[in-house]
Amino acid sequence: MHNIHDANTTAHGGPVRPEPRPAPAHHLLLLDARTVTELRGRVAHLIDQVRAPGPDGLGDVAERSQRGLAGRPVRAGVVAASAEQACERLGALAAALRDGVAATFDVANGVFAGDADRVDGEPRIGYLFPGQGSTIGIGGDALTGRFDTARDFYRTVPLPAAGDPGSLGAAQPRIVASSATGVRVLSELGIEASVAAGHSLGELTALQWAGAMSEADLPALAAAHGRILADVCTGDGMMAVVTGSRDEVEPLLRGEPVAVAGYNSPAQTVVAGPAEAFPRVRRAAVAAGLKAARLPVPDAFHTPVMAPAAGPLRAYLAGRRFRPLERRVVSTVTGDVLPPDTDLRDLLVEQLCTPVMFSQAVQRMAGEVSLIIEVGPGRLLSVHAARVCPDVPVVPLAADEPSLSGVLSAAAAAYVLGAPVRHDRLVAGSTV
Numbered sequence: 001m002h003n004i005h006d007a008n009t010t011a012h013g014g015p016v017r018p019e020p021r022p023a024p025a026h027h028l029l030l031l032d033a034r035t036v037t038e039l040r041g042r043v044a045h046l047i048d049q050v051r052a053p054g055p056d057g058l059g060d061v062a063e064r065s066q067r068g069l070a071g072r073p074v075r076a077g078v079v080a081a082s083a084e085q086a087c088e089r090l091g092a093l094a095a096a097l098r099d100g101v102a103a104t105f106d107v108a109n110g111v112f113a114g115d116a117d118r119v120d121g122e123p124r125i126g127y128l129f130p131g132q133g134s135t136i137g138i139g140g141d142a143l144t145g146r147f148d149t150a151r152d153f154y155r156t157v158p159l160p161a162a163g164d165p166g167s168l169g170a171a172q173p174r175i176v177a178s179s180a181t182g183v184r185v186l187s188e189l190g191i192e193a194s195v196a197a198g199h200s201l202g203e204l205t206a207l208q209w210a211g212a213m214s215e216a217d218l219p220a221l222a223a224a225h226g227r228i229l230a231d232v233c234t235g236d237g238m239m240a241v242v243t244g245s246r247d248e249v250e251p252l253l254r255g256e257p258v259a260v261a262g263y264n265s266p267a268q269t270v271v272a273g274p275a276e277a278f279p280r281v282r283r284a285a286v287a288a289g290l291k292a293a294r295l296p297v298p299d300a301f302h303t304p305v306m307a308p309a310a311g312p313l314r315a316y317l318a319g320r321r322f323r324p325l326e327r328r329v330v331s332t333v334t335g336d337v338l339p340p341d342t343d344l345r346d347l348l349v350e351q352l353c354t355p356v357m358f359s360q361a362v363q364r365m366a367g368e369v370s371l372i373i374e375v376g377p378g379r380l381l382s383v384h385a386a387r388v389c390p391d392v393p394v395v396p397l398a399a400d401e402p403s404l405s406g407v408l409s410a411a412a413a414a415y416v417l418g419a420p421v422r423h424d425r426l427v428a429g430s431t432v
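Numbering (UniProt numbering), first residue to last: 1 to 432.
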């Protein structure tokens, strides 16, 4: 279940859980109004407040903005780390509103606006869970430094001994734990998903989210899975990303002992096979006007090369108890919604030798949600998902970063769509 995102994607080492330290002081400014015209006026007034903040600076302004909310439908949210940045981003929001833009989801700049009345009922949210390719161990203490529920996870859920921090058996439990912690935080903020999908290793997290296993079972399963994969790795295989769609890439592999290992997006396909075949694949890609780059992984995951892991994994899974799924999971093994009574042992064994159907799963999810949140470390799934479904906002939680900007952005996006966000939990001094 090696989660492959991009040519510069690696699994980073680090402690099982970083010790909390103060995160950069990002703040969430929220507004609501009855009309776009009224919202423009409120934005202008908020800019004046930011320019003349109270004794607690931007945090004081953010808290006052949230106290002024009255459940009105036309909404806006801005994430900023300083008064200067807040003025700049509020100015961009004001300009968009003047131009008649009623909805905006500028994730990169932390600017969000929408009309909750245009959503039928509460917005439907989808979660994406990343896997092995995600950056983990770089920072990552923002959630545990701010939220009690995140700290409680690591107090109550045992993680396996770290061992070699870059190994599959050590990295995989840390990654799924980061995602599970993110789910806890979002839930405490009133943000709930109706459907989820996981890229490769992230399939385990999606199954746990859906009720197939407990939080405590998830890291243990991920660690065992990582060890089993590591035991069968020969070091003779390779994986590579090719900057093309399925239809562009598959013809390049004819006559080669190389298979597609993942469909990330219309702009990226992952291939895998013997290491000696990569130079030929790269030459074929270049001749077709595409680019190809090897990934720093030890073998050809998600291909028949992984067949020797099937027996050990099935034997391990035979001793695990799985419950029927209680929530909707779009599997990246099948590219479709899993029935509640899916044989999860068969599914996880099948996953070893089959490509990651990420693009197909996101397409399936996009048809039923108005917001997608990448829950866990990293941001690369969001990049791929945005290419798959450009009309659906995608926000990365970026749980491995030493900042709450990802959490605040997710809260802002959900809020402007009409979700019952507990924004009071995000003001300065509060903990969850």
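Cβ atoms here follow ideal geometry from the backbone N, Cα and C, with glycine treated the same way. Owing to the predicted nature of the structure, the values given are computational and were not obtained by experimental measurement.
Where Met238 is concerned, the enclosing beta strand (DSSP E) starts and stops at 237-242. Burial of His27 is indicated by the presence of at least 16 other C-beta atoms within 10 angstroms of its C-beta. In this structure, DSSP gives Ala44 a helical state, which the three-state scheme calls helix. With a minimum length of 4 residues, the unbroken runs of alpha helix (DSSP H) contained wholly in the segment 268-312 fall at 278-287. Nearest C-alpha to Ala95 among Leu39, Arg184, Pro73, Val183: Leu39. In this structure, the straight-line span from the alpha carbon of Ala142 to that of Gly255 is close to 49 angstroms. Here the segment 383-399 does not lie against the segment 51-70, with fewer than 3 beta-carbon pairs under 8 angstroms apart. Gly133 is a Cβ neighbour of Leu380, given a cutoff of 8 angstroms.
For Ile175, the uninterrupted alpha helix (DSSP H) run begins and ends at 168-188, by DSSP.
Under the 10 Å beta carbon count, Gly126 is surrounded by 16 or more other beta carbons and is classified as buried. Non-local C-beta neighbours of Tyr263 in its own chain, meaning closer than 8 angstroms and more than five positions away in sequence, comprise Arg246, Thr269, Val270, Pro355, Val356, Met357, Phe358, Ser359, Gln360, ordered along the chain.
Relative to the Cα of Gly131, the nearest Cα in the group Gly198, Val185, Ala80, Asp115 belongs to Gly198.
Assignment of beta-bridge partners to Gly406 by DSSP yields no partner.
Three or more Cβ pairs closer than 8 angstroms define a contact, and the segment 173-184 falls short of that threshold against the segment 111-126. Annotation: Gln49 to Thr303 spans about 58 angstroms, alpha carbon to alpha carbon.
The DSSP-derived three-state label of Leu352 is coil. In the displayed model, Ser245 falls within coil according to three-state DSSP, outside both helix and strand. Taking each of Glu350, Arg323, Gly237, Met213 in turn and checking the Cα distance to Ser200, the smallest one comes out for Glu350. One alpha carbon belongs to Ala267, the other to Thr243, and they sit about 5 angstroms apart. Here the C-alpha atom of Leu371 lies approximately 10 angstroms from the C-alpha atom of Asp391. Per DSSP, the continuous beta strand (DSSP E) segment holding Val74 begins and ends at 74-80. For Ala33, the enclosing beta strand (DSSP E) covers residues 27-33. Annotated as distal: Pro219 and Leu128, with beta-carbon spacing of 8 angstroms or more. At the C-beta level, Leu252 and Val286 stay beyond 8 angstroms of one another. Taking C-beta atoms as the reference points, Phe153 and Arg184 count as a pair closer than 8 angstroms.
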